[in-house]
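Letter by letter, the sequence shown follows residues 1 to 510 in the UniProt record's numbering. Note that CB positions come from ideal geometry on N, CA and C, so glycine has one too. It should be emphasised that the depicted structure is a prediction, and the values quoted were computed from it without experimental measurement.
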Amino acid sequence: MILFKKVEQLNELFMRNKDMSMLLNEKDRRTLDSLINEISEADMNSNLLKTILGLQENKYSIEIIWQLHRKQIIDFAEFITCYKWDLDHIVKTLLCMSESEEKQCQEMLTDLLGSLLILLSGEPNHIFDQHIQIIQQFLAQSSLIIIRNHNGWVYLKNLKCSSFLTKSTIQKIFKIMLKNMLIADVNFHLNIAYEQYRLYKTPDSVYNMLKMFLDEIDEDVIYTLIQNVLTHHAEKANWKLILSLISTFVKTKSHLCHMLKLKLEEFFNQTLSKSTTEKSFLMQKAALLIFRQCCLEIGLWSEYSRWYSSYKPNVDNAKIFYSLLTELLPIDLPAALAAHINTQPKLTESCGNIQSDYVKKAQAQLIKINHGEDYMGLFKNYDDCENRHEADIVKVLESFKSTGQVMRVVLEACVFRNKYFIGTFLKTLMNTQLVDDQLRNRFIEKLNSMNKIPKMMYTKWKQEQQIWQNFHVGTLKYLPCPGGGWRPLSPDTVSARREVPPETEIRTDD
Numbered sequence: 001m002i003l004f005k006k007v008e009q010l011n012e013l014f015m016r017n018k019d020m021s022m023l024l025n026e027k028d029r030r031t032l033d034s035l036i037n038e039i040s041e042a043d044m045n046s047n048l049l050k051t052i053l054g055l056q057e058n059k060y061s062i063e064i065i066w067q068l069h070r071k072q073i074i075d076f077a078e079f080i081t082c083y084k085w086d087l088d089h090i091v092k093t094l095l096c097m098s099e100s101e102e103k104q105c106q107e108m109l110t111d112l113l114g115s116l117l118i119l120l121s122g123e124p125n126h127i128f129d130q131h132i133q134i135i136q137q138f139l140a141q142s143s144l145i146i147i148r149n150h151n152g153w154v155y156l157k158n159l160k161c162s163s164f165l166t167k168s169t170i171q172k173i174f175k176i177m178l179k180n181m182l183i184a185d186v187n188f189h190l191n192i193a194y195e196q197y198r199l200y201k202t203p204d205s206v207y208n209m210l211k212m213f214l215d216e217i218d219e220d221v222i223y224t225l226i227q228n229v230l231t232h233h234a235e236k237a238n239w240k241l242i243l244s245l246i247s248t249f250v251k252t253k254s255h256l257c258h259m260l261k262l263k264l265e266e267f268f269n270q271t272l273s274k275s276t277t278e279k280s281f282l283m284q285k286a287a288l289l290i291f292r293q294c295c296l297e298i299g300l301w302s303e304y305s306r307w308y309s310s311y312k313p314n315v316d317n318a319k320i321f322y323s324l325l326t327e328l329l330p331i332d333l334p335a336a337l338a339a340h341i342n343t344q345p346k347l348t349e350s351c352g353n354i355q356s357d358y359v360k361k362a363q364a365q366l367i368k369i370n371h372g373e374d375y376m377g378l379f380k381n382y383d384d385c386e387n388r389h390e391a392d393i394v395k396v397l398e399s400f401k402s403t404g405q406v407m408r409v410v411l412e413a414c415v416f417r418n419k420y421f422i423g424t425f426l427k428t429l430m431n432t433q434l435v436d437d438q439l440r441n442r443f444i445e446k447l448n449s450m451n452k453i454p455k456m457m458y459t460k461w462k463q464e465q466q467i468w469q470n471f472h473v474g475t476l477k478y479l480p481c482p483g484g485g486w487r488p489l490s491p492d493t494v495s496a497r498r499e500v501p502p503e504t505e506i507r508t509d510d
């Protein structure tokens, strides 16, 4: 009679928690734990519990499944085999748990998913076809979720620490996940990457995830994976993650970064040996970009310049190489053009014409960029001529606010577009008539500490800063004239300035 009452209570609990993705409240959680223990003591073979489950028509919370699995009453794999669960429903529920930040969800996911992943370490068996299908669907869709939500990989870290999974199984899972993410189309294609690769910064969460992958996956496997992705998916691969993978590799495996550079150079040379089809051109372009990214992460442009000056391809490869560089002229960065112009590799005489022809075109392109640099922003050409440079400043300051560092594109402009950097970028940045901005001021001080601002320019800015500050507090009696010299403030201006709110823009030509 007492057992019957317990079964009735358990059945009522099932009825309250019909949704598979639903978690139990604290009261039901304690009740479930107690009922399972009490019924199990009276039913040593768990036949009664299994009968109750069969009567529920697969309408109960995943947490109930987990509790029975955790207490070793019914294994999760057995649930899938015996109770004819809808596979898509299971995958959807596991994916929802992977995105949850609740500790309970993450613990449940680790246990349930881990019990399925164990099957990967054994011999293939058609009995587990459904289980393997769930794993494949989950990993494929989870890869896309992680790309969208950079914090969605926490469960992978938990799986790595699981005592039930072997190292080889973890490596297999991480390799599958990394491959899925590298080939995902995130609308950051090769052409976009070539124009923006010096602007993209790896998010911290992505860096930590890739570091975990690199700690577990062998270097040769990583290289082979990169090569396969570039061979089959060069144009529409996830170039954000490809660039991040190279950056993370160099930062976390500094003792192996030059080996990676050699392997990527070897792969680049192999692409030059291919036929001159459109597909081979995309592979060459992709291989050059990823090799260049490796060089820049190791030692910035000086590392790339050293490689270029000593590069000695054979005659056929040299011709294709300079044809590739010529095709890339319209989108190549000024720093790359300068590296190609400053020091030339010593090639055979038969390559002299194509090499010199490229150098002339690169020089012309660099002159064109420098000549028209006042019409170019740091990031792109803007149609809105009035606001394009201030828009650059906004982007740079946003990055500085979040990272505390000066963007690489700014430092490169200081070296390779110095006329633009001083005459346009700094002039816009240090305009004292703009709204006083503490972030802007901190950024200017940061640049000055790095010796990127001419001394006279910085001194003038500091003086003007003090002038405008005095104007706001009411101690200033003269203002600088646009053409030079000083003019006294009128009594009306002296009176009015005390009423000007600090955020109001002040103009000298009023």
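Endpoints, alpha helix (DSSP H) assigned at residue i
i      : result
LYS167 : 167-182
PHE79  : 76-82
VAL229 : 219-233
GLU99  : 87-99
CYS161 : Per DSSP, CYS161 belongs to no alpha helix (DSSP H) and is neither H nor E.
PHE291 : 278-310
HIS150 : Looking at the DSSP string, HIS150 is not in any alpha helix (DSSP H), and its letter there is neither H nor E.
GLN196 : 190-196
ARG417 : That residue, ARG417, is in no alpha helix (DSSP H); it is neither H nor E in DSSP.
LEU264 : 257-272
ASN208 : 204-216
GLN106 : 103-117
ILE242 : 239-252
Residue i vs residue j beta-carbon contact at 8 Å
i      : j      : result
ALA338 : PHE425 : no
LEU260 : LEU210 : no
LEU53  : TYR83  : yes
SER121 : THR169 : yes
ILE217 : GLN171 : yes
PHE138 : LEU94  : yes
LEU272 : ILE320 : yes
PRO110 : SER142 : Note that residue 110 corresponds to Thr in the displayed sequence, not to Pro. No; because the gap between Cβ atoms is not below 8 Å, this pair is not in contact.
TYR60  : SER98  : no
LEU159 : TRP239 : no
LEU13  : PHE76  : no
TYR322 : ILE290 : no
ALA335 : TRP301 : yes
LEU23  : LEU32  : no
LEU366 : ALA413 : no
PHE400 : VAL406 : yes
LEU282 : ALA234 : yes
HIS258 : SER205 : no
LEU230 : ALA286 : yes
GLN293 : LEU333 : no
ILE331 : TYR200 : no
Of the listed residues the options, nearest to residue i (C-alpha basis)
i           : options                        : result
VAL396      : ILE367, LEU272, GLN365, THR428 : THR428
LYS419      : VAL406, MET456, ALA391, ILE369 : ILE369
ARG148      : GLY299, ASN314, LEU241         : LEU241
residue 517 : GLU349, THR326, ILE393         : Since the first residue shown for the chain is 1 and the last is 510, residue 517 is missing from the structure and cannot be characterised.
GLN104      : ASN269, GLN141, GLU63, GLN130  : GLU63
LYS251      : ASP215, GLU278, THR231, ALA234 : ASP215
ALA318      : LEU282, LEU300, ASP357, GLN293 : ASP357
LYS263      : THR31, THR224, LEU366, SER399  : THR224
residue 512 : LEU199, ASP129, LYS236, LEU159 : The requested residue 512 is not part of the displayed model; the chain covers only 1 to 510.
LEU256      : ASN25, ALA140, ILE298          : ILE298
LEU324      : VAL359, PHE128, GLN466, LEU49  : VAL359
ILE134      : PRO330, TRP153, GLY114, ASN151 : GLY114
ILE145      : MET177, SER280, LEU230         : MET177
THR51       : ARG30, ILE73, SER34            : ILE73
TYR207      : ARG292, ALA184, TYR200, SER247 : SER247
PHE174      : LEU296, LYS157, PHE188, VAL186 : LYS157
LYS6        : LYS446, ILE36, LYS18           : ILE36
LEU439      : VAL394, ALA184, HIS232, SER21  : VAL394
GLY423      : THR348, LYS452, GLU195         : LYS452
TYR304      : ILE444, THR277, THR343, PRO313 : THR343
residue 513 : GLN270, ASN269, PHE267, PHE249 : Any answer about residue 513 is impossible in this case: the structure gives the chain only from 1 up to 510.
beta-carbon residue i near the ligand COA non-hydrogen atom, thresh 7 Å
i      : result
LYS261 : Looking for the ligand COA in the displayed structure turns up nothing, as the structure carries no ligands at all.
### Query
What beta strand (DSSP E) runs, 3 residues minimum, are completely inside the region 329-367?
Those beta strand (DSSP E) runs which fall completely within the region 329-367 and span 3+ residues do not exist here.
### Query
Which ranges would you report for the alpha helix (DSSP H) in the region 427-469 if only whole runs of at least 4 residues count?
Correct list: 438-449.
### Query
What are the start and end residues of each continuous alpha helix (DSSP H) run of 4 or more residues lying completely inside the region 4-79, in chain order?
Segments of the alpha helix (DSSP H) lying fully in the region 4-79: 26-42, 47-55, 62-70.
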